[in-house]
Structures are given as structure tokens and as C-alpha cells.
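Q:
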Amino acid sequence: TSARKLPFIMKKFMSGISTVGDPICFLFDDVQWASKSDLDLLHAMMTSAKNPFLFIFTCRPLANDHPFQAVIDANRATEISLSSLQRNAVRSLVVSTLNIDSPDESTDELCSYILASTGGNPFYIRYQLLSLQERGLMKFNDATSSWTWRMDSIRNSRPDDGVVALITNKIKKLTSLTQTCLKICSCLERTELLFLGVLLKEMIFLEKPNNTMAPLADYEYEDFARDSISSALDEGLLVEKSEGWLTFSHPIVNEACYSLVDPSERDEYHLNIGRVLFCHVGRFLHPIQYPSMTRPKRRSSWASGDEKEELEQRCFFTYAVQFARGYKLIIDDKERISTAKIFLVAGDSSKKASGYAEAYYFYSRGQDLLTPTDWTRHYDLCVEITTGCAETASIIGLIDEMRLSLKAIHDNCREKGPLLSAYLIEVRFLFARHEVKESFRIGMQALELAG
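When we follow my numbering, the leftmost residue of the sequence shown carries the number 2, and every step to the right adds one.
Here you go:
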């Protein structure tokens with residue numbers, strides 16, 4: 002099946018390069034973000050590799066039930082845990098950061114305080130020093146060109162509630178416009194300046210309907226976004242990549258910015274981001290109604306074929322994921338069906354790329370949006386989403402979910418085509434589990450239906 006094509010090709014590739022003789026090292030960074038299909042591919046590479054190969058994986062601490070743990074256990078990997086900085090390393094970092102020429106007892110006391118309050122995490126150390134400076138507990142003496150502090154004042158001060166609270170307090174000192182930027186960025190995996198400019202203008206209108214911001218020309222959106230985030234870039238909260246998109250300097254910063262979005266309003270916030278991006282960039286795919294928003298006019302310079310296709314390619318999965326985070330709040334019928342179509346396209350695209358877990362993520366949410374009456378009014382859409390859901394569920398091993406989807410097809414489909422597809426999904430699933438007799442029985446039912 003197509004689920005095995007990419008691992009099969011990768012095994013052939015690994016076999017081919019095994020003959021070169023020289024040692025080969027593969028480095029995979031941040032595997033904690035890897036999907037199940039990614040990990041299946043990694044497992045195929047590792048099991049088909051012959052000496053001399055070295056696989057190095059880096060990741061943050063994992064939960065015991067994280068899928069990557071199974072990869073580690075199956076391949077007898079050697080785990081090397083990187084501990085926090087020890088006392089001497091923390092002392093060296095603080096002395097270097099503050100440019101202290103002659104460390105004394107006061108320096109040692111400060112380092113002990115920093116070590117105790119940060120646990121030796123280099124990122125936390127930086128923000129702890131910044132916090133002491135901002136709170137007036139550490140000052141720069143221009144006359145001596147050195148930093149001064151009083152340990153009794155530091156010990157008696159209100160302790161920080163953790164690095165997230167520390168960064169959050171820093172963020173809250175920024176302008177409301179910059180804070181809105183950071184909230185938007187925290188909801189996205191990566192943020193392009195063009196899309197941030199569009200989102201920023203529309204989200205400000207949603208938060209403050211009486212805002213009278215002047216309309217922006219197409220070319221002004223990136224400049225508007227860059228001006229709005231300049232202070233966040235200066236503070237080291239965001240990093241602008243050369244390709245023109247933004248990322249957070251550390252996952253903790255992302256977490257702190259996301260905490261600014263009220264937990265009870267996060268689903269709606271994600272949904273509104275999806276609506277804005279779709280309305281401005283992706284609305285040419287499907288007609289959609291926005292009962293809670295003012296529909297903007299189409300921007301003429303975005304309507305040309307080539308540019309429109311490029312924007313859609315860059316933006317599609319961004320707004321699809323945002324809709325997936327807030328789809329349960331959709332009540333308008335037209336928007337519900339349009340969103341289901343978006344999930345169908347996202348599921349199909351993920352499946353073509355062998356991202357079966359991701360495809361199921363979208364198909365299942367599309368299926369959740371559908372109602373029993375949609376099998377009459379939107380028959381083809383229901384068939385495609387439910388079939389995709391059943392197929393991907395069978396591939397990633399969600400047996401109960403697969404059977405529920407197959408039952409929905411058998412209960413509602415009127416044509417032979419979808420029914421035969423359902424039988425084929427079940428036959429392949431049973432055969433892969435070596436249930437040959439049951440697979441044969443289902444196959445005979447399909448042949449009888451086909452006539």
C-alpha cells in the first residue's frame with residue numbers, strides 16, 4: 002500500500018549508501034515534535050542501516066508514553082542526558098556576562114543565588130539577570146564601568162514566580178500592539194510578516210471594533226508588522242529569519258506569550274486567526290460566510306493566478322490548523338461545510354505526503370463537523386471525508402475509529418463505489434494483521450456486491 006512506499010524507498014536508499022564504506026552520521030534535531038509517520042520513517046532507516054552508521058537524536062525531556070520512546074527501546078539507543086550547568090559553569094557565565102574583572106565574595110553570593118533560582122538553565126540565567134536589572138536590584142555604575150548590587154536587597158526582594166512569569170511580566174511592559182503581535186505569533190508554528198500584518202490589523206478590529214486604523218495598501222502590511230514587532234525583536238523575544246518569517250527565541254518565550262491568551266478564549270482566538278487568513282488569502286477555494294466578522298474587500302494585487310497560488314500554498318495549512326483548533330465553535334451552516342471542505346483538502350494533501358497521522362487529524366475533525374442530514378445535502382463531501390478517515394485510521398492503527406467510519410459508509414452510501422472502497426480498506430487492514438480468513442470473507446462480500 003501507499004503507507005509502505007516511502008519506508009520501502011528509504012530502505013533501498015539506506016542499502017545503497019551502505020556500500021560506500023566511510024562512516025555516515027545522521028543528526029535529527031528536536032525529535033520531540035516528530036509525528037508518528039516521521040518516527041515510522043526513522044525506524045525504517047535505522048533498522049535497514051548497516052555499519053558504519055551513527056544516528057544522533059536531540060530532544061527535550063519526553064513523557065514515558067511519547068512515541069519516540071518506542072523507537073529508542075526498539076533500537077537499543079544510548080541516552081545521554083545533558084544536565085544543567087554546575088556551579089563553576091554558572092559562575093563563569095555570570096562573570097563573563099557582567100564583565101567582572103576580579104570576582105570576589107559578593108560575586109560568589111550572586112552566583113549562588115542565580116544557581117538556586119534558575120536551576121543552572123542558561124536561558125533562565127539570562128532572564129534572571131535581566132530581571133534583577135529591571136527591578137533596580139542590579140545597577141551599572143558609569144564611573145567605574147561595572148555592575149553593582151546588594152545581596153541583602155536581592156534576598157529580601159519578592160522572588161520570581163518562574164521564568165514564564167518573568168518573561169510574561171516583561172511582555173506586559175510592551176505596547177498593546179506588540180502584545181497582540183506576540184499573541185498571534187504564539188498561535189502559529191511560524192509567522193510570515195505578510196500574514197502577521199494582515200492578522201494584526203483584523204485582530205485589532207475584532208478586539209476593538211471602534212478602532213479607526215487607516216486602510217493599508219498591500220505593500221504596507223509587511224512594514225506594518227515589522228514596525229509593530231520591533232521592540233519584541235530588540236528584547237530578544239522574537240527572531241526574524243532571512244526568509245522573512247518570525248520565530249520565538251525559545252519555546253519558553255512562546256509559552257509565555259501564549260499565556261497572554263485567556264484559556265477560555267483560545268479556541269475562539271485560533272478560529273478567528275483561521276477566518277482572517279482564509280478570508281484574505283484562501284477564500285478563492287471555497288465560498289464561506291463569517292457571521293461574526295466584517296468581510297473585507299478582495300485585494301486586487303492578490304488576485305493574479307501565480308501570486309494567488311503561491312500565497313495559498315504558503316498559507317493553506319496555517320489556516321487549516323487554526324480552524325482545527327477552534328472548529329467546535331462553528332455554528333453557522335455555510336461556514337461549517339466550508340470548513341469541512343478545508344479539512345478534506347488538508348487531509349488529502351497530508352495523505353499524499355504519507356503523513357497519515359496528520360491526515361487523520363484533519364479528516365476526523367471534518368467528520369465531527371458533519372451531521373446525519375449532510376449525507377443527503379452534501380453526500381459527496383460526507384463520502385470523501387468518511388472514507389479518508391477510515392483509511393488513515395486503519396493505517397495508523399485506530400481500529401475502533403476505523404470501524405465507526407466504515408459503519409457510517411455502509412449505513413449511508415447508496416452507490417457501489419464507496420461501499421467497495423470501504424470493503425477494500427477493511428480487507429487490507431485484516432490482511433496486514435494476518436487475519437486471512439476474515440479478510441477472505443469480507444473480500445467475497447465485496448465481489449458479491451460488485452456482481
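The C-beta atom is built at its ideal place from N, Cα and C for all residues, glycine as well.
#1: Counting only the same chain and skipping the five closest in sequence on each side, list residues whose C-beta sits under 7 angstroms from that of Thr-393.
#2: Quick one: what's Leu-239 bridged to in DSSP?
#3: Do you know how far the Cα of Ser-158 is from the Cα of Leu-195?
#4: For Pro-288, count neighbouring C-beta atoms within 10 Å of its own C-beta (all shown protein chains included) and say buried if the count is 16 or more, exposed if not.
#5: By how many angstroms is the C-alpha of Tyr-380 removed from the C-alpha of Lys-202?
#6: Taking all protein chains shown into account, do 16 or more other C-beta atoms lie within 10 angstroms of the C-beta of Gln-485, making it buried, or fewer, making it exposed?
#7: Under 8 angstroms between the Cβ atoms of Ser-85 and Gly-121?
#8: Taking the beta carbon of Phe-279 as the centre, do at least 16 other beta carbons fall within 10 Å, making it buried, or is it exposed?
#9: If we ignore side chains and look at the alpha-carbon of each, how far apart do Lys-335 and Cys-258 end up?
#10: Which of the three DSSP states, helix, strand or coil, is assigned to Asn-89?
#11: Three or more C-beta pairs closer than 8 angstroms, one from the segment 314–328 and one from the segment 341–352: is that the case here?
#12: I need the DSSP call for Tyr-291, collapsed to helix, strand or coil.
#13: Hey, how far is the Cα of Glu-193 from the Cα of Ser-440?
#14: Taking only the alpha-carbon atoms, compute the straight-line gap between Gln-33 and Leu-63 and give it to the nearest angstrom.
#15: I think His-281 touches Val-346, with their Cβ atoms under 8 angstroms apart; what is that distance to the nearest whole Å?
#16: Given that a residue counts as buried once 16 or more other Cβ atoms are within 10 Å of its Cβ, and exposed if not, what is Ser-38?
#17: Excluding sequence positions up to five away, which residues of its chain have a Cβ less than 6 angstroms from the Cβ of Thr-119?
#18: Does the beta carbon of Glu-193 fall short of 7 angstroms from some heavy atom of the ligand MN?
#19: What three-state label does DSSP hand Glu-193 in the structure shown?
#20: Should Ile-172 and Leu-261 be called a contact, given that it needs their Cβ atoms to be closer than 8 angstroms?
#21: Within the continuous alpha helix (DSSP H) that includes Trp-376, where are the two ends?
#22: Terminal residues of the continuous beta strand (DSSP E) containing Lys-438?
#23: Would you list, in sequence order, the uninterrupted alpha helix (DSSP H) runs of no fewer than 4 residues that lie entirely inside the segment 116–169?
A: In this structure, then:
#1: Only residues of its own chain outside the window of five on either side were considered, and among them Lys-352, Tyr-357, Ala-360, Tyr-361 and Tyr-364 have a CB closer than 7 angstroms to the CB of Thr-393, listed in chain order.
#2: Phe-249
#3: 43 angstroms
#4: Unreliable placement is indicated for Pro-288, whose pLDDT of 42 sits below 50; no coordinate value is reported for it.
#5: 38 angstroms
#6: Residue 485 lies beyond the residue range present for the chain, which begins at 2 and ends at 452; the question has no answer from this structure.
#7: yes
#8: In this structure Phe-279 is buried. Its beta-carbon is surrounded by 16 or more other beta-carbon atoms within 10 angstroms.
#9: 33 angstroms
#10: helix
#11: yes
#12: Because the pLDDT of Tyr-291 is 40, which lies under 50, any placement of that residue in the model is unreliable, and the question is left without a value.
#13: 49 angstroms
#14: Near 7 angstroms, if we compare the C-alpha coordinates of Leu-63 and Gln-33.
#15: No, His-281 and Val-346 are not in contact; Cβ-Cβ is about 18 angstroms, not under 8 angstroms.
#16: buried
#17: Tyr-125, Ile-126 and Gln-129
#18: Ligands displayed in this structure: none; no statement on the ligand MN is therefore possible.
#19: Collapsing the DSSP output to three states places Glu-193 in a strand.
#20: yes
#21: 375–378
#22: Where Lys-438 is concerned, there is no enclosing beta strand (DSSP E), although the alpha helix (DSSP H) it sits in stretches over 437–451.
#23: 123–135 and 152–157
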